[in-house]
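First up is the structure itself, then whatever we jot down about it.
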Amino acid sequence: MSSSIALGGGTDLADRSDSPRPRERSFSTAWLGGGGGPADRRPTGPSRRDARRALDSCPEIDCVRHVLPPAVVAVAERRARRIGVTADRVLVAAGLLDEDTYARALARRLGVPFEPLDGRARAACPLPDDRLIEAAAAGLLPLADRDGHSLVVAPRGAAARRLAELAGSPVLPPGLRITTGARLGRFVRRTAATALGHRAAFDLATTRPHLSAAPRPLRLARLGLALTAVIPPVIAWPDAAVTALGVVLAVLFLTWTGLRLIALARPALAAPPLDRVADDALPLYTVMVALYREAASVRRLVAGLDALDYPPEKLQIILILEADDLATRAALEAERLGPPYEILVAPDIGPRTKPKALDAGLPFARGSLLAVFDAEDRPEPDQLRRAVAAFSAGGERLACVQARLTIDNTRDGWLTALFTAEYAGLFDVFLPTLAWLRLPLPLGGSSNHFRTAALRTVGGWDPFNLTEDADLGIRLARHGLRSDVIASTTHEEAPARLGPWLRQRTRWFQGWMQTWLVHMRQPRRTLRDLGPAGFVTLHLVVGGTVLAALVHPLAGLAVLVSLLGAASPPGDGVHGVVLTTLFAVTFVSGWAASVLLGLAGLARRRLLATAWVLLLVPVHWLLLATAAWRALIKLVRDPYRWDKTEHGLAKTSRSGAAQGGGGRSTPAISPDGGRAGRSRQGRKKPEVEPATSQ
Numbered sequence: 007m008s009s010s011i012a013l014g015g016g017t018d019l020a021d022r023s024d025s026p027r028p029r030e031r032s033f034s035t036a037w038l039g040g041g042g043g044p045a046d047r048r049p050t051g052p053s054r055r056d057a058r059r060a061l062d063s064c065p066e067i068d069c070v071r072h073v074l075p076p077a078v079v080a081v082a083e084r085r086a087r088r089i090g091v092t093a094d095r096v097l098v099a100a101g102l103l104d105e106d107t108y109a110r111a112l113a114r115r116l117g118v119p120f121e122p123l124d125g126r127a128r129a130a131c132p133l134p135d136d137r138l139i140e141a142a143a144a145g146l147l148p149l150a151d152r153d154g155h156s157l158v159v160a161p162r163g164a165a166a167r168r169l170a171e172l173a174g175s176p177v178l179p180p181g182l183r184i185t186t187g188a189r190l191g192r193f194v195r196r197t198a199a200t201a202l203g204h205r206a207a208f209d210l211a212t213t214r215p216h217l218s219a220a221p222r223p224l225r226l227a228r229l230g231l232a233l234t235a236v237i238p239p240v241i242a243w244p245d246a247a248v249t250a251l252g253v254v255l256a257v258l259f260l261t262w263t264g265l266r267l268i269a270l271a272r273p274a275l276a277a278p279p280l281d282r283v284a285d286d287a288l289p290l291y292t293v294m295v296a297l298y299r300e301a302a303s304v305r306r307l308v309a310g311l312d313a314l315d316y317p318p319e320k321l322q323i324i325l326i327l328e329a330d331d332l333a334t335r336a337a338l339e340a341e342r343l344g345p346p347y348e349i350l351v352a353p354d355i356g357p358r359t360k361p362k363a364l365d366a367g368l369p370f371a372r373g374s375l376l377a378v379f380d381a382e383d384r385p386e387p388d389q390l391r392r393a394v395a396a397f398s399a400g401g402e403r404l405a406c407v408q409a410r411l412t413i414d415n416t417r418d419g420w421l422t423a424l425f426t427a428e429y430a431g432l433f434d435v436f437l438p439t440l441a442w443l444r445l446p447l448p449l450g451g452s453s454n455h456f457r458t459a460a461l462r463t464v465g466g467w468d469p470f471n472l473t474e475d476a477d478l479g480i481r482l483a484r485h486g487l488r489s490d491v492i493a494s495t496t497h498e499e500a501p502a503r504l505g506p507w508l509r510q511r512t513r514w515f516q517g518w519m520q521t522w523l524v525h526m527r528q529p530r531r532t533l534r535d536l537g538p539a540g541f542v543t544l545h546l547v548v549g550g551t552v553l554a555a556l557v558h559p560l561a562g563l564a565v566l567v568s569l570l571g572a573a574s575p576p577g578d579g580v581h582g583v584v585l586t587t588l589f590a591v592t593f594v595s596g597w598a599a600s601v602l603l604g605l606a607g608l609a610r611r612r613l614l615a616t617a618w619v620l621l622l623v624p625v626h627w628l629l630l631a632t633a634a635w636r637a638l639i640k641l642v643r644d645p646y647r648w649d650k651t652e653h654g655l656a657k658t659s660r661s662g663a664a665q666g667g668g669g670r671s672t673p674a675i676s677p678d679g680g681r682a683g684r685s686r687q688g689r690k691k692p693e694v695e696p697a698t699s700q
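See the structure below:
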């Protein structure tokens, strides 16, 4: 047999996973006829023409034809041909066939044992922990016991078809056993629990310590030493020091303001019509959502994910919980979720943060594209398709696309209205301009879409960074990869009360401080990676945002005192007047840029009725300053504490989705053979399985 008859469980005919296969040639290739290539090279599989030809028949469901109505089989085969998958995927996605039933039936037809894996000990698998983790996505697991060596395969899609075509063939290897992807995943999570936890929490810090915000010995001591070295000159020449600092800050802030004015000068571009990719050409797409204390948001989250316009047969939705979050777990169980949903429990190792939870789910992602949403998100239904089109047009260096975020509960109060204006300026004006200029893009925390291979290449998310999104955007740029913004919107819930808003914004400022410090750990290396323009952007957009908020009240007070004549400005005579004027211009230009950016964003969102809230920009800046100073204190005292933002409290909704969720959609094919959409009614619930032991 050639290596094209590979039986990895992670792909359909037209869909490839980027997960590497275990590199154990003796198990994964010997019985396939030793295709002659490197043991760690993933088989390319059939061409699209071969896939089309193979779809004329569906031998993969021959093992269950006798238990299904002929009309259901006919509809499943027609849909499989239309969207470029195998008929078993259609039946499973519709809830008409569960994975266990199918795998047992396929094993019987092949005349090989079904392997439940439930009682297997870790010693039964000779793979080291890192390769065992990869086995979950590869769908290929070697076992060794008293009966000798065996190869356990979790076939799906094209792999299931290839196996079905070999029924009765002498080329089936001795020791072949069949299991399901869910059972294989449970085995890996049970037997490699500690390794999974350490990979999720510490892999970036171990393999790329210069890019991780994880604690490092003497880091704060070195920072304190550097600050101490600055103190004597300031004491010796206070006027000169204040003048020099003032000029440097003024130049920095005016440059930052200039970058925002460039964004304002760039005309708004109409959203291009969706270049709809044919269903049979769509890739397998993984969606991940990290949940913690989100029971109130579950119904609306699931309704939003169900509404995505994407074939469920080509979706994998991973919901990641924390071990002690029983309320969210109960809410998910009440939803009776079936395929394409999978529920994992994040490892209780290392920091308890959203990025650590996402890293725990990453080894189990099968899609070649991967999206991240938050619990309160309601993405537009066509968002995945727009991301696919963007990746298709953007080339291999395009590693990430960011959807535009907007606040849904704008009418909940002045604070959410301010948030709406701020997000409109950021996601509809400023970030698209950075992408247009091919500058590093600090990502928003949600609706990020990645090439899974690129995400793994750069190390995933940093579990120790409180703004893992912004950090990841800079890290992608340092690896020579691009990010872009797509014309698709995700509606989010913003805090309507000052306390939660302040805690959330403090966490953001603290994360931006971490991000700047991490990437300035080796400034010459960062300059080489980003180039001069990218290096300046890092300082302006990440460092400048923090510094502007920290300096704002001090600069404002200095200008006010000087204007009132209560104290002399730094320097004497004309020099002092010029410096005070420079401070005042810098101060006012920051407000003006914020107002104009918010106004432009609201205009593009057709929300000018909310523009009145921009009168509160001075108040907003004072709140930002408060959050920034709180963040600086927390960075020293408690650098990795994640202050959770509570969701599900919105009273109003611009998208019409508040309070109550949405209706359930219907199955892709109904039991009587008719066509419909997706359903969760009557499906087997996905088992809640830990990603590590508790």
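In terms of this note's numbering, the sequence shown is residues 7 to 700.
Here a beta-carbon is modelled for each residue, glycine too, at the ideal position from N, C-alpha and C.
Sequence-distant residues of the same chain with beta carbon closer than 8 Å to residue i, five excluded per side
i: aspartate 490; result: Ala396, Gly400, Leu404, Cys406, Val407, Gln408, Ala441, Leu447
Supposed contact pair residue j and residue i - C-beta distance, whole angstroms, cut 8 Å
i: threonine 197; j: alanine 109; result: Contact doesn't hold; Cβ gap of about 20 Å is too wide.
i: valine 378; j: alanine 337; result: Their Cβ separation, rounded to whole angstroms, is 20 Å, which puts valine 378 and alanine 337 out of contact at 8 Å.
i: alanine 381; j: leucine 297; result: 5 Å
i: threonine 412; j: alanine 423; result: The Cβ separation is near 12 Å, so there is no contact.
i: valine 524; j: alanine 211; result: So it is not a contact: roughly 11 Å between Cβ atoms.
i: arginine 701; j: leucine 280; result: With the chain running from 7 to 700 in the structure shown, residue 701 is simply not present.
i: leucine 260; j: alanine 366; result: Going by Cβ atoms, the distance from leucine 260 to alanine 366 rounds to 44 Å, so no, they are not a contact pair.
i: glycine 549; j: tryptophan 522; result: 4 Å
Proximal residues to residue i (C-beta, below 6 Å), its chain only, five neighbours per side dropped
i: phenylalanine 182; result: Residue identity differs from the one stated: residue 182 is leucine in this sequence, not phenylalanine. Val118, Leu157.
i: valine 295; result: Leu325, Phe379
i: leucine 270; result: Leu602, Ala606
i: alanine 113; result: Phe120, Ile184
i: histidine 626; result: Leu424
i: glutamate 171; result: Pro65
i: glycine 419; result: Ala502
i: leucine 307; result: Ala381
i: alanine 555; result: Leu630, Ala631, Ala634
i: alanine 333; result: Ala301
Buried or exposed (CB count within 10 angstroms, at least 16 for buried), residue i
i: tryptophan 618; result: exposed
i: arginine 85; result: buried
i: serine 452; result: buried
i: valine 159; result: buried
i: isoleucine 639; result: exposed
i: glutamine 528; result: exposed
i: threonine 586; result: buried
i: proline 49; result: Only weak support is given to the placement of proline 49: the predicted model assigns it a pLDDT of 35, under 50, and the value that follows is read from those uncertain coordinates. Counting Cβ neighbours within 10 Å, proline 49 comes out buried, since at least 16 surround it.
i: valine 257; result: exposed
i: proline 215; result: exposed
i: aspartate 94; result: buried
i: glycine 191; result: buried
i: arginine 488; result: buried
i: leucine 560; result: exposed
7 Å Cβ shell around residue i - same chain, five flanking residues per side excluded
i: leucine 536; result: Pro446, Ala483, Arg484, Leu544
i: leucine 478; result: Leu449, Trp467
i: proline 438; result: Val491
i: proline 361; result: Trp467, Asp468, Pro469, Asn471, Glu474
i: phenylalanine 193; result: Leu123, Arg126
i: arginine 58; result: Confidence at arginine 58 is low in this model, with a pLDDT of 48, below 50, so the placement of that residue is unreliable and no value is reported for it.
*Spell out a yes or no on whether the region 631-640 and the region 507-518 are touching, meaning 3 or more CB-CB pairs, one atom from each, closer than 8 Å.*
Counting Cβ pairs under 8 Å, three or more are found: they touch.
_Which complete alpha helix (DSSP H) runs does the region 513-562 hold, if anything under 4 residues is left out?_
Those alpha helix (DSSP H) runs which fall completely within the region 513-562 and span 4+ residues are 529-543.
*Report the residue ranges of all beta strand (DSSP E) runs contained in full by the region 260-304; include only those spanning at least 3 residues, in chain order.*
For the region 260-304, whole beta strand (DSSP E) runs of length 3 or above, ordered along the chain, are 291-296.
*For the region 342-388, which segments carrying the alpha helix (DSSP H) assignment without a break, of at least 4 residues, lie completely within its bounds, in sequence order?*
Counting whole runs of 4 or more residues, the region 342-388 contains the alpha helix (DSSP H) stretches 360-367.
*Identify every run of the beta strand (DSSP E) within the region 145-171, keeping only runs that are complete inside it and at least 3 residues long; order them along the chain.*
As far as the region 145-171 is concerned, its whole beta strand (DSSP E) runs of at least 3 residues are 146-151, 154-159.
_Inter-stretch contact at 8 Å, needing at least 3 Cβ pairs: the region 92-105 / the region 121-131_ = The region 92-105 makes no contact with the region 121-131, as fewer than three CB pairs between them are under 8 Å.
*Could you tell me whether the region 525-535 touches the region 644-658, where touching means 3 or more Cβ pairs closer than 8 Å?*
When C-beta atoms of the region 525-535 are compared with those of the region 644-658, fewer than three pairs fall below 8 Å, so the two segments do not count as touching.
_Contact between the region 654-661 and the region 491-503 (3+ Cβ pairs under 8 Å)_ = Between the region 654-661 and the region 491-503 there are three or more C-beta pairs closer than 8 Å, enough to call the two in contact.
_For the structure I just gave you, are there three or more beta carbon pairs, one from the region 345-356 and one from the region 205-212, closer than 8 Å?_
Yes, they touch.
*Let me know the alpha helix (DSSP H) ranges lying completely inside the region 81-122, each 4 residues or longer, listed in chain order.*
Those alpha helix (DSSP H) runs which fall completely within the region 81-122 and span 4+ residues are 93-99, 105-116.
*Please list the segments of the beta strand (DSSP E) lying wholly inside the region 439-502, counting only runs of 3 or more residues, in order along the chain.*
Segments of the beta strand (DSSP E) lying fully in the region 439-502: 454-457, 488-498.
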